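**Student:** Got a structure for you, written out below as structure tokens; questions coming shortly.
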Amino acid sequence: MNRHKVHEMFDSINLPPMLKNGITDIPRPKSFGNACLVVLGGFTLFLILRALYNVFLHPLRKFPGPISTAASRLPLTIATIRGEQLRWLQALHENYGHVVRISPDALSYTDERAWSDINGSTSAAKYGMEKDERLLKLIGGDMTSPNPELARGDQKHTQMRKAYASGLTKAAVRSQAPLIVGHVEELLEVIDRKNGEAIDIVDAWCSFVYNIFSDLFLGESLNLFKDPTYVPWAHSFNSFAKATTIMAALQHYVIARYILAFVVQKFGGKKRDEFMKPIFDRFDRRAASETKKVDLLHYALREENKLSLHDLREFSPFLMIGGCETTPNLLSGLVFYLLKNPEYYAEVNKEVRENFKSEEEITIERMFGMPFLEACIQEAFRMYSPIGSGVDRMVPRGGATIAGQRVPENTVVTALHHVTFTASRNFARCNEYIPTRWLPSSDPEFASDRKNSLKPFSVGPQSCFGQDLTFYVTRMVLCRVFWKYDMELCPESRDWVNGQKCWSARIKGPLYVKFKSAKRLV
């Protein structure tokens, strides 16, 4: 390796200009071994100088956080690869406050103001700050990759939201009541057939939600309760999420980036196609049919939306994943925490059974107006947020103000749901499931809770537009289950939530629950 190549190698590294001058006068090596030592020594010097720059001269140097994360991205990378990012960030925020520098170029927030400053429409970013495309490119899909030649409001993914949103209004969702009830009754039949045996409720919720959302979005159910063919596929998203999250974390390292580029090119496309195929197959059948079924695709295909069938097809997996991975998390977390707290479980059962004298009375129109059930759902959102971790955002050119502080451009910023929702600065007794904190007559101990920090569907132009559907589906199935059954948490699942990993998606183990007919029905 000659001197010029050594210089070219260092020139290719994104080193601050003020640090480059000290690395240029490298003596000509006399042997290959000496050349390796020169490269190793130069690289070590580079790492030391870069760490010193990050700690003492970087534009983010004044933000709180440990020296290790200011100097290097390695602590964040290790936590991410191990699936412990949420717990790691929780500990950092407990020590350093609402904003923490979690890597040389990244900040994490738990301040409620950060939701609107990062995701909302502001003077700095009309459509919310841009997502960090490194993870999205690994996931693939045209709809997640903004076209730099178009304004954000003209992007295809923005048009997609508008196209599908018309099928997710309150009125449109109410019109789907027969379909929703049909899938709920199918779930109840599965529970009845178990005849009191323990059921993995995570698996049951997953199958129920995939069936109903496939029916709503693609015109036909996956029939996971009757045909187990696609059950492994429905559970494969966790592996998909883990792989893409780890790859995105490693992309920050030059050598790993080239290796990953090869791996993704060699194997990524095939794996992605295998994962997407069941969704695309159903989309193609639905698009080719002449059915008059009023599902979401019916609204998206209306002439006024002016979107191509190809665009709708490419977006369909992201629409499915968005609902099918989050809703089972909410339902599983809610059941777990209620069964761990018998007094709250008894109270919500009482409320549901007093409001409805028969199963037939449990309708979409009558499901609301039960304050304790609403409080239990809100607290489940807080303690077991359906979204594991989101996609980071980039501060736009010119910088922006986040939570009252000016942040320079090109800074990576994040506000993770679980970390924000369980921060002691936002909620008293933050690690306890206490639904009564959400009631108007709650204990004065919770008067200072920052309830506006709970944004399970995010905020702004890119917030979840399927909120009403989630509200109706979860309340319908919960009311029917609470009305019909008494549930008992099996001993092997009493520590279900402990030690769970998260790679974008929560990695959930089985949650075993026994069901028996409600006592008053015997």
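Using my numbering, the first residue of the sequence shown is number 786, and each one after it goes up by one.
Glycine residues also receive a C-beta, built at the ideal position from the N, C-alpha and C atoms.
Computed from a predicted model, the values in this text were never measured in an experiment.
Extract the residue ranges of the alpha helix (DSSP H) inside the segment 852-917, only unbroken runs of 4 or more that lie entirely within it.
**Tutor:** 852-856, 859-866, 870-881, 898-904
**Student:** Please classify Gly1189 as buried or exposed, where buried requires at least 16 other C-beta atoms within 10 Å of its C-beta.
**Tutor:** Here residue 1189 is taken as the residue at index 404 of the sequence shown, counted from 1. Answer is exposed; the Cβ neighbour count stays below 16.
**Student:** Contact criterion: CB-CB distance below 8 Å. Does Gln1036 meet it with respect to chain E?
**Tutor:** This model lacks chain E altogether, as it is built from one protein chain only.
**Student:** Distance check for Leu832 and Ser992, CA to CA, integer angstroms please.
**Tutor:** One-based indexing of the sequence shown puts residue 992 at position 207. One-based indexing of the sequence shown puts residue 832 at position 47. Near 49 Å, if we compare the C-alpha coordinates of Leu832 and Ser992.
**Student:** Take the Cβ of Phe1206 as the centre, count every other Cβ of all protein chains shown within 10 Å, and call the residue buried at 16 or more, exposed below.
**Tutor:** Residue 1206 sits at position 421 when you count from the first residue of the sequence shown. So Phe1206 counts as buried.
**Student:** How far does the alpha helix (DSSP H) with Gln1252 in it extend, from its first residue to its last?
**Tutor:** As a first step, residue 1252 must be located in the sequence shown, where it is residue number 467. That run of the alpha helix (DSSP H) goes 1252-1269.
**Student:** Give me whichever residues DSSP pairs with Gln1190 in a beta bridge.
**Tutor:** Numbered from its first residue, the sequence shown carries residue 1190 at position 405. Gln1190 pairs with Ile1187.
**Student:** Going by other Cβ atoms of all chains shown within 10 Å of its Cβ, with 16 needed for buried, is Ser1174 buried or exposed?
**Tutor:** Here residue 1174 refers to the residue found at position 389 of the sequence shown. Residue burial annotation: Ser1174 is buried, with at least 16 other C-beta atoms found within 10 angstroms of its C-beta.
**Student:** Pick helix, strand or coil for Arg1214, following the three-state DSSP scheme.
**Tutor:** As a first step, residue 1214 is located in the sequence shown; it is residue number 429 there, counting from the start. Collapsing the DSSP output to three states places Arg1214 in coil.
**Student:** Relative to the C-alpha of Gly1183, which residue among Thr1112, Val1192, Asp1080 is closest?
**Tutor:** Along the sequence shown, read from residue 1 onward, the residue named residue 1183 stands at position 398. If we check each option's Cα against that of Gly1183, Val1192 comes out closest.
**Student:** Could you check where the beta strand (DSSP E) with Cys757 kicks off and where it finishes?
**Tutor:** Past the boundaries of the shown model lies residue 757; the chain is included only from 786 to 1307, so the question cannot be answered.
**Student:** I'd like the span of the alpha helix (DSSP H) that includes Lys764, first residue to last.
**Tutor:** Limits of the chain in this structure are 786 at one end and 1307 at the other, which puts residue 764 out of reach.
**Student:** Quick one: Cα of His1020 to Cα of Val824, how far?
**Tutor:** Working through the sequence shown from its first residue, we reach residue 1020 at position 235. Working through the sequence shown from its first residue, we reach residue 824 at position 39. If you take the alpha carbons of His1020 and Val824, they lie about 46 Å apart.
**Student:** Which residues in the same chain as Arg898 place their Cβ atom closer than 8 Å to its Cβ, once the five residues preceding and following it in sequence are excluded?
**Tutor:** Along the sequence shown, one-based indexing puts residue 898 at 113. Hits under 8 Å: Ile1187, Ala1188, Gly1189.
**Student:** Here's a check: name, in chain order, each residue in its chain whose Cβ is nearer than 8 Å to the Cβ of Arg1138, leaving out the five neighbours to either side.
**Tutor:** Counted from its first residue, the sequence shown places residue 1138 at position 353. Closer than 8 Å at Cβ, skipping near neighbours: Phe1267, Trp1268, Ala1303, Arg1305.
**Student:** Give the DSSP bridge partners of Val969, in chain order.
**Tutor:** Start at 1 with the first residue of the sequence shown, and residue 969 comes out as number 184. DSSP, once it has assigned bridges, lists no residue as partnering Val969.
**Student:** Taking the alpha-carbon positions, what's the Gly850 to Phe1153 distance?
**Tutor:** Here the question's residue 850 lines up with position 65 in the sequence shown. Here the question's residue 1153 lines up with position 368 in the sequence shown. Rounded to whole angstroms, Gly850 to Phe1153 spans 44 Å at the Cα level.
**Student:** Measure the alpha-carbon distance for Ala962 versus Leu1003 and round it to whole angstroms.
**Tutor:** Here residue 962 refers to the residue found at position 177 when the sequence shown is read from its first residue. Here residue 1003 refers to the residue found at position 218 when the sequence shown is read from its first residue. So the two alpha carbons sit approximately 17 Å from each other.
**Student:** Please confirm whether Leu1274 and Asp985 have their CB atoms less than 8 Å apart.
**Tutor:** On the sequence shown, residue 1274 is found 489 positions in, with the first residue counted as 1. On the sequence shown, residue 985 is found 200 positions in, with the first residue counted as 1. For Leu1274 and Asp985, no; Cβs fall outside 8 Å.
**Student:** So who's on the other strand from Ser1302, going by DSSP bridges?
**Tutor:** Position 517 of the sequence shown, counted from the first residue, corresponds to residue 1302. Paired residues: Tyr1270.
**Student:** Quick test of your reading: Ser1170 and Val987, contact by CB under 8 Å. State the CB separation rounded to the nearest angstrom.
**Tutor:** Working through the sequence shown from its first residue, we reach residue 1170 at position 385. Working through the sequence shown from its first residue, we reach residue 987 at position 202. The Cβ separation is near 16 Å, so there is no contact.
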